[in-house]
Each structure stands twice: as structure tokens, then as C-alpha cells.
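Plus 210 on top of the position in the sequence shown (first one is 1) and you've got my numbering. Ideal Cβ placement from N, Cα and C applies to all residues, glycine included.
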Amino acid sequence: MARSQSISDKLLERILSSLSDDKAEDVVQINLQGKSSVADHMVIASGRSTRQVSAMAEKLTDRIKQEFGFTSKVEGKDAGDWVLIDTGDVVVHIFRPEVREFYQLEKMWQPQGGNASAN
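Below, the structure is given as C-alpha cells:
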């Protein structure tokens with residue numbers, strides 16, 4: 211989390227708009243500030259197919275590189291079931307729906323009895 215808070219917020223906004231532009235489904239944003247030293251925010255989204263998941267990940271990383279000037283770390287793009295994109299301040303998980311249901315990442319990070327914010 212080397213970048214400033216305003217950059218972190220701008221990055222989060224751009225990630226959310228990129229996923230929306232690419233028709234991501236069930237987008238959830240989880241605030242990790244004070245909960246994890248790994249990142250400030252986590253975004254979880256679904257794509258309808260392996261092709262859409264991979265394409266959303268590729269477009270997102272291209273947009274981040276073009277607009278913010280840095281390269282994100284990406285895992286799983288070739289398989290397209292679950293792609294993890296680490297931008298430093300924001301960690302993005304893009305799943306196929308059945309894989310997302312299996313891992314239920316949201317439940318690990320939600321406050322007890324609370325909800326993550328859905329967009």
C-alpha cells in the first residue's frame with residue numbers, strides 16, 4: 211500500500227467502472243482498511259464464462275497500466291475460472307459463478323452478520 215489514499219480511491223473507482231463497462235455480475239466491494247495489511251480494498255465479481263472472466267481481467271489490467279502507469283500482478287487468467295489481480299491497494303477476484311459459490315470469499319471478509327457493499 212505504497213500509494214496515497216486518494217490514488218487508492220481513484221484506483222478502486224476505476225476498477226469498479228471497468229468491471230461495470232465489461233458487464234461483470236454481482237460486483238461486491240469489501241473495505242479491508244484496518245482488517246488486512248495486504249490491501250485497502252477487495253473487489254469480487256463474476257463473469258458468465260471463462261472467456262468473459264479472462265477478457266475482463268485483461269481489459270482491467272490494460273486500463274490500469276494505461277491510466278495509472280503500473281503493471282498489476284495477475285494469476286489464473288489462462289484458465290479463466292478464477293482470476294486474481296493484485297494492484298497493491300486493491301485486490302480483485304473475478305470468478306465464474308459456480309467457482310465463486312464454491313469458495314465463498316465474501317463470507318471470509320464480511321463482518322459477522324454484516325454485508326459487503328454490492329454495486
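| field | N-terminal and C-terminal residue of the alpha helix (DSSP H) that K287 is part of | value | Residue 287 sits at position 77 when you count from the first residue of the sequence shown. That residue, K287, is in no alpha helix (DSSP H); it is neither H nor E in DSSP.
| task | Please determine, among P307, D299 and H303, the residue with the shortest C-alpha to C-alpha distance to S246. | result | Counting from 1 along the sequence shown, the entry for residue 246 is found at position 36. Ranking P307, D299 and H303 by Cα distance to S246 puts D299 first.
| Should F312 be labelled buried (16 or more other beta-carbon atoms within 10 Å of its own) or exposed? | Here the question's residue 312 lines up with position 102 in the sequence shown. The residue is exposed, with fewer than 16 neighbouring Cβ atoms inside 10 Å.
| Going by the beta-carbon positions, is the gap between I225 and T281 smaller than 9 Å? | As a position in the sequence shown, residue 225 is number 15, starting the count at 1. As a position in the sequence shown, residue 281 is number 71, starting the count at 1. No, they are not a contact pair.
| message | Check for me: the beta strand (DSSP E) holding D208 runs from which residue to which? | response | One cannot answer for residue 208 here, as it falls past the ends of the chain, which runs 211 to 329.
| request: Report yes if the CB atom of G290 is closer than 9 Å to the CB atom of R310, and no otherwise. | output: Translated into positions along the sequence shown, residue 290 becomes position 80. Translated into positions along the sequence shown, residue 310 becomes position 100. Not in contact: G290 and R310 (Cβ atoms no closer than 9 Å).
| Cβ neighbours of M211 in the same chain (closer than 8 Å, five flanking residues each side left out) | To locate residue 211, count along the sequence shown from 1; it is residue 1. With a pLDDT of only 43 at M211, under 50, the local geometry of the prediction cannot be trusted, and the value read off the model is given with reservation. Sequence-distant partners of M211 (beyond 5 residues in either direction) whose C-beta falls short of 8 Å from its own C-beta, in its chain, are S218, S247, A249, D250, G298 and D299.
| field | Among F278, R306 and G279, nearest to K287 - alpha-carbon criterion | value | Residue mapping note: residue 287 aligns to position 77 of the sequence shown, counting from 1. Of the candidates F278, R306 and G279, the one whose C-alpha sits nearest the C-alpha of K287 is R306.
| said: Output needed for T271: all residues of its chain with C-beta closer than 8 Å, excluding positions within five of it in sequence on either side, in chain order. | reply: Residue mapping note: residue 271 aligns to position 61 of the sequence shown, counting from 1. Hits under 8 Å: T281, S282, V284 and I295.
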